[in-house]
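S.K.:
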Amino acid sequence: MKVALIGFGTVGTNFARVLHEKRRLLKDRYGFECEIVAVSDLLRGSVHDPKGLDIPELLGLVKETNKIEGYKGGTKGLDSIRTIREVDADVVVEVAWTNLETGEPGLTHIKEALRAGRHVITSNKGPIALAYPELKRLADENGVQLRFECTVMSGTPTIMLGIDGLAGHVVNGFRGILNGTTNYILTNMEKGGAYADILKEAQRLGYAEVEPSADVEGWDAVGKTVILANSIMGTELRPGDVEREGITKIAPGDIEAAKRQGKRIKLIAQAWRDGSRVKAKVAPELVELSDPLASVSGTTNALTFETDGLGAVTIIGKGAGGVETGHGILTDLLAIHRSM
Ligand code: HSE
């Protein structure tokens, strides 16, 4: 399988590392062989070699120079659009930065790739939250797959559970903790940490968005809620349809007051059916300690689907992190490999 990688930041570099480290296991277990034939990143540069790029060399260059243009061999200078159109790749992995207002540049990248008949894997929440129904139609028309496991709960297989694992069920709603950064902040505030310091640490560890107001104001969780509702509950919500409140107004005193009541404050994302419509909300809630969501701490996320056949089905796992997301991209790649 030949992969073109659009974006070589935290997710792109971690995916490349995981792919390289697991080469042997992937071949032995699945007969899966894969080359990254192109990388194009707005800040770090681009390189293309139809024979496949040397991943340790790329990662070494990033570490030493923060660029990949010093790569020995290959063709340099193809921008993202030319890489998508001109490079002979089966799959485009789109992991450029996310924009929840316009979806760009990811939205254009994904449309170009689908139109060029390439499978697409993305961790980019903006395009999927804003345009899933349209992108899915485009993928179907072109006979290719659009996979986006890492947009929700990083590499924890939430989308696969909802779409494949629960196939045949009616999902009537869901409720969960979908943002790692805010859960990390709330958990550490409870231990006495200061909001600003904990947020800085979450940025340093690569959990928070480039613009962390997306996390703390609830937009990131709204995006994920829309993605889940549209792809699993078959509705067509827009981010503006979701009632939203972030965690910025929560003071240490509120956390203490919750503790005294035997409760915890959590940023809860949920969607439910209301007649023929689906409604959704992201807001802080006081959660009883007996509620399983109360014990979900740090960057761990959790999601419970309400189904007609099985009742509640819950998945708990890492919700943020470069390595975790890199693994999720690999899981999507293997799903495409199985179907080819
Ligand atoms: N900023 C996001 C979070 C990253 O904290 O959950 C994973 O989507």
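Note that the sequence shown covers residues 185 to 524 in this note's numbering.
Quick reminder that beta carbons are idealized off the backbone N, C-alpha and C, glycines included.
Check for me: the beta strand (DSSP E) holding ALA453 runs from which residue to which?
M.R.: On the sequence shown, position 269 is the one that residue 453 refers to. ALA453 -> beta strand (DSSP E) spans 447 to 458.
S.K.: Could you tell me the distance, in whole angstroms, from the CA atom of ASP274 to the CA atom of ILE268?
M.R.: On the sequence shown, residue 274 is found 90 positions in, with the first residue counted as 1. On the sequence shown, residue 268 is found 84 positions in, with the first residue counted as 1. Spanning the two alpha carbons is a distance of roughly 10 Å.
S.K.: Can you tell me whether VAL223 is buried or exposed? The criterion is at least 16 other CB atoms within 10 Å of its CB, across all chains shown.
M.R.: The residue labelled residue 223 in the question sits at position 39 within the sequence shown. Under this definition VAL223 is a buried residue.
S.K.: Is there contact here, the region 336 to 348 with the region 477 to 490, by at least three beta-carbon pairs under 8 Å?
M.R.: yes
S.K.: DSSP three-state call for GLY196: helix, strand or coil?
M.R.: Here residue 196 refers to the residue found at position 12 when the sequence shown is read from its first residue. Three-state DSSP puts GLY196 in a helix.
S.K.: Return the residue from the list HIS303, LEU383, LYS408 that minimises the CA-CA distance to SER529.
M.R.: Any question about residue 529 goes unanswered here, given that the chain covers just 185 to 524.
S.K.: Buried or exposed for GLU490, please, with buried defined as at least 16 other CB atoms from any protein chain shown within 10 angstroms of its CB.
M.R.: Position 306 of the sequence shown, counted from the first residue, corresponds to residue 490. Classification of GLU490: buried, given that the 10 Å Cβ count is 16 or more.
S.K.: Going by the C-beta, is GLY135 closer than 6 Å to any heavy atom of the ligand HSE?
M.R.: Lying outside 185 to 524, the shown extent of the chain, residue 135 is not represented and no answer is given.
S.K.: Is the region 365 to 383 touching the region 508 to 524 in the sense that three or more CB pairs, one from each, lie closer than 8 Å?
M.R.: Fewer than three Cβ pairs drawn from the region 508 to 524 and the region 365 to 383 lie within less than 8 Å of each other, which leaves the two stretches out of contact.
S.K.: So, at 8 Å on beta carbons, what are the nonlocal neighbours of GLY310 in its own chain, with the 5 sequence-adjacent residues on each side left out?
M.R.: Here the question's residue 310 lines up with position 126 in the sequence shown. THR282, ASN283, LEU284, GLU285, THR286, GLY287, GLU288, GLY290, LEU291, GLY407.
S.K.: Distance, Cα to Cα, ASP233 vs ALA313?
M.R.: Counted from its first residue, the sequence shown places residue 233 at position 49. Counted from its first residue, the sequence shown places residue 313 at position 129. So the alpha carbons of these two residues sit roughly 33 Å apart.
S.K.: Hey, is THR340's beta-carbon within less than 7 Å of any beta-carbon in chain B?
M.R.: This model lacks chain B altogether; it includes just one protein chain.
S.K.: Can you give me the C-alpha to C-alpha distance between ALA413 and GLY357, rounded to a whole angstrom?
M.R.: Within the sequence shown, numbered from 1, the residue matching residue 413 stands at position 229. Within the sequence shown, numbered from 1, the residue matching residue 357 stands at position 173. The alpha-carbon atoms of ALA413 and GLY357 are separated by roughly 8 Å.
S.K.: Relative to the alpha-carbon of SER479, which residue among ALA496, ASP458, GLY501, HIS303 has its alpha-carbon at the smallest distance?
M.R.: In the sequence shown, residue 479 corresponds to position 295, counting from 1. Of the candidates ALA496, ASP458, GLY501, HIS303, the one whose C-alpha sits nearest the C-alpha of SER479 is GLY501.
S.K.: Give the straight-line distance between the Cα atoms of VAL394 and GLN387, rounded to the nearest whole angstrom.
M.R.: On the sequence shown, position 210 is the one that residue 394 refers to. On the sequence shown, position 203 is the one that residue 387 refers to. Distance between the alpha carbons of VAL394 and GLN387 is about 8 Å.
S.K.: When DSSP labels each residue in this structure, what does GLU172 get in the three-state scheme?
M.R.: Coverage of the chain is limited to positions 185 through 524, which leaves residue 172 absent and any answer about it impossible.
S.K.: Count Cβ pairs between the region 293 to 311 and the region 330 to 337 that sit closer than 8 Å; are there 3 or more?
M.R.: yes
S.K.: Please write down, chain order preserved, every residue whose beta carbon lies under 6 Å from a heavy atom of the ligand HSE.
M.R.: SER338, ASN363, GLY364, THR365, TYR391, ALA392, GLU393, ASP399, ASP404, GLY503, ALA504
S.K.: Taking the C-alpha atoms as reference points, what is the distance between GLY261 and ILE190?
M.R.: Numbered from 1 along the sequence shown, position 77 holds the residue referred to as residue 261. Numbered from 1 along the sequence shown, position 6 holds the residue referred to as residue 190. Between GLY261 and ILE190, the C-alpha separation is close to 13 Å.
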